[in-house]
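Colleague: Residues in the sequence shown are numbered consecutively from 21, following our numbering.
Think of the CB as a built atom: it goes at the ideal place given N, C-alpha and C, for glycine as much as any other residue.
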Amino acid sequence: MDFMTKLERKFGKFAIPNLTVILIGGFILGYLIQIFNSGALELIALDPAKVMQGQVYRLITWVVIPPSGISIWIVLMLFFYFSIGKTLENAMGDFRYTVYIVSGIIFTDIGIMLTYIVMKALGQAEMLEVFYMYGLYGASTYYLCMTMFLAYAFMFPEHQVLLYFIIPIKVKWMGYLDIAYLIVEIVRYGLAHYYTGMVTVIMSVLNFIIFYLVSRNSRHVTHAHKKRRRKYRQEVRQTQILTRHKCAICGQTEEDNPNLEFRYCSRCKGNYEYCQNHLFTHEHKK
Numbered sequence: 021m022d023f024m025t026k027l028e029r030k031f032g033k034f035a036i037p038n039l040t041v042i043l044i045g046g047f048i049l050g051y052l053i054q055i056f057n058s059g060a061l062e063l064i065a066l067d068p069a070k071v072m073q074g075q076v077y078r079l080i081t082w083v084v085i086p087p088s089g090i091s092i093w094i095v096l097m098l099f100f101y102f103s104i105g106k107t108l109e110n111a112m113g114d115f116r117y118t119v120y121i122v123s124g125i126i127f128t129d130i131g132i133m134l135t136y137i138v139m140k141a142l143g144q145a146e147m148l149e150v151f152y153m154y155g156l157y158g159a160s161t162y163y164l165c166m167t168m169f170l171a172y173a174f175m176f177p178e179h180q181v182l183l184y185f186i187i188p189i190k191v192k193w194m195g196y197l198d199i200a201y202l203i204v205e206i207v208r209y210g211l212a213h214y215y216t217g218m219v220t221v222i223m224s225v226l227n228f229i230i231f232y233l234v235s236r237n238s239r240h241v242t243h244a245h246k247k248r249r250r251k252y253r254q255e256v257r258q259t260q261i262l263t264r265h266k267c268a269i270c271g272q273t274e275e276d277n278p279n280l281e282f283r284y285c286s287r288c289k290g291n292y293e294y295c296q297n298h299l300f301t302h303e304h305k306k
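(1) Could you spell out where the alpha helix (DSSP H) holding Arg29 opens and where it closes?
(2) Alpha carbon to alpha carbon, how far is Tyr117 from Tyr284? Give it in angstroms, no decimals.
(3) Confirm, please, whether the CB-CB distance from Pro86 to Cys165 is below 7 Å.
(4) Could you check if Pro68 is buried or exposed, using at least 16 other CB atoms within 10 Å of its CB as the buried criterion?
(5) Are the CB atoms of Asn227 and Thr135 within a distance shorter than 7 Å?
(6) Starting from the C-beta of Ile53, find all residues in its chain whose C-beta is less than 7 Å away, skip the five residues before and the five after it, and write them out in chain order.
(7) Determine the closest residue to Phe162 out of Phe56, Leu202, Gly210 and Lys289, with distance taken between C-alpha atoms.
(8) Is it buried or exposed, Met72, if we count other Cβ atoms within 10 angstroms and call 16 or more buried?
(9) Put Thr220 into one of helix, strand or coil per three-state DSSP.
(10) Return the chain-ordered list of same chain residues with a C-beta closer than 6 Å to the C-beta of Asp114, the five sequence neighbours on each side being excluded.
(11) Suppose the cutoff is 7 Å on Cβ atoms and the five residues either side in sequence are ignored; what does the same chain contact list for Met133 look like?
(12) Quick one: Cα of Cys288 to Cα of Tyr294, how far?
(13) Can you tell which of Tyr120, His265, Ile80 and Met218 has its C-alpha closest to the C-alpha of Leu66?
(14) Does the structure place the segment 170-184 close enough to the segment 96-115 that three or more beta carbon pairs sit under 8 Å?
(15) One question on the structure: do His265 and Glu274 come within less than 7 Å of each other, judged by their Cβ atoms?
(16) Measure the C-alpha to C-alpha separation of Tyr154 and Asn57 and round it to an integer number of angstroms.
(17) Within the same chain, show all residues whose beta-carbon is closer than 7 Å to that of Phe99, passing over the 5 residues directly before and after it, in chain order.
(18) Anyone know if the C-beta pair for Val219 and Gly124 falls short of 7 Å?
(19) Please state whether the Cβ-Cβ distance between His304 and Ile269 is less than 7 Å.
(20) Going by beta-carbon coordinates alone, are Phe127 and Met223 separated by less than 7 Å?
(21) Would DSSP call Cys165 helix, strand or coil?
(22) Work out the CA separation of Val83 and Trp193 for me, nearest whole Å.
(23) Taking only three categories from DSSP, how would you classify Arg283?
(24) How would you label Ala16, buried or exposed, when you count the other beta carbons within 10 angstroms and need 16 or more for buried?
(25) Using C-beta distances below 8 Å, list every residue in its chain close to Gln180, excluding the 5 sequence neighbours before and after it, in chain order.
Take a look at the structure:
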């Protein structure tokens, strides 16, 4: 039994059902805030200095900040993320999907907070203002959504989508492009000695890195596979019910009483089976 299975048996009750709906609902709320009072986003952003002052709610509320600005593509992108999120929910199960998303949020929090603490300890005060800005925008759900798509591309690599609603492309190639983009971002931040950005990018996608390393050598069972397996078990169960011994008089089966013996009566017209209590006392069927 793998670690996640043991974890699910112990803490499965804490799974968050319909987590994708909650995430998309949070994005919509973030867009509404951005439309009517964009300055309010600063009150919920992950500002490390404010967290250290006691505003710990910012470690969670930044998840409401949308992954990108308002544009004509937003509604379509929300539908896209909703679709892949629900697919992941069905494939992983509520508990594993909850662990995947929540760990992405926690790793992002850890990355940003640790880099802030280290920068402050090293006395790099001139970089703190830049880091605040990065904490506001870099800790949005952009990378969180990217890890959702990477997990989807890993689990369903042959699935096709229409790029720009015209070009059919398998999601595995889009996943490779996202990975290449992340590597370029990490290298770019490293060459610029902007280690806060580099660490934040790595920590933001750490949940997918762990998911990939744990799952790459295991045989993935898709939701379709589970459905087929469940259907097969039901058919086997129905077959067992049809071939079960059953007394034509009292209706008992071997499951009701494993000690009962059953016999067919040769004098009855038809296939009538009786338990040991009625084999010699029944009226023969003519």
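Modeller: Well, looking at it:
(1) Phe23 to Phe31
(2) 54 Å
(3) no
(4) buried
(5) no
(6) Ala60 and Leu61
(7) Just to set this straight, residue 162 is Tyr in the shown sequence, not Phe. Nearest of Phe56, Leu202, Gly210 and Lys289 to Tyr162, Cα basis: Leu202.
(8) exposed
(9) helix
(10) Ala35 and Pro37
(11) Pro68 and Val71
(12) 11 Å
(13) Ile80
(14) yes
(15) yes
(16) Any reading at Tyr154 needs caution, since the residue's pLDDT is 47, under 50, leaving its predicted position unreliable; the model's value is listed next. Going by the C-alpha atoms only, they are around 20 Å apart.
(17) none
(18) no
(19) no
(20) yes
(21) helix
(22) 27 Å
(23) strand
(24) A question about residue 16 goes unanswered here, because the residues of the chain that appear run from 21 up to 306.
(25) Pro188, Ile189, Lys190 and Val191
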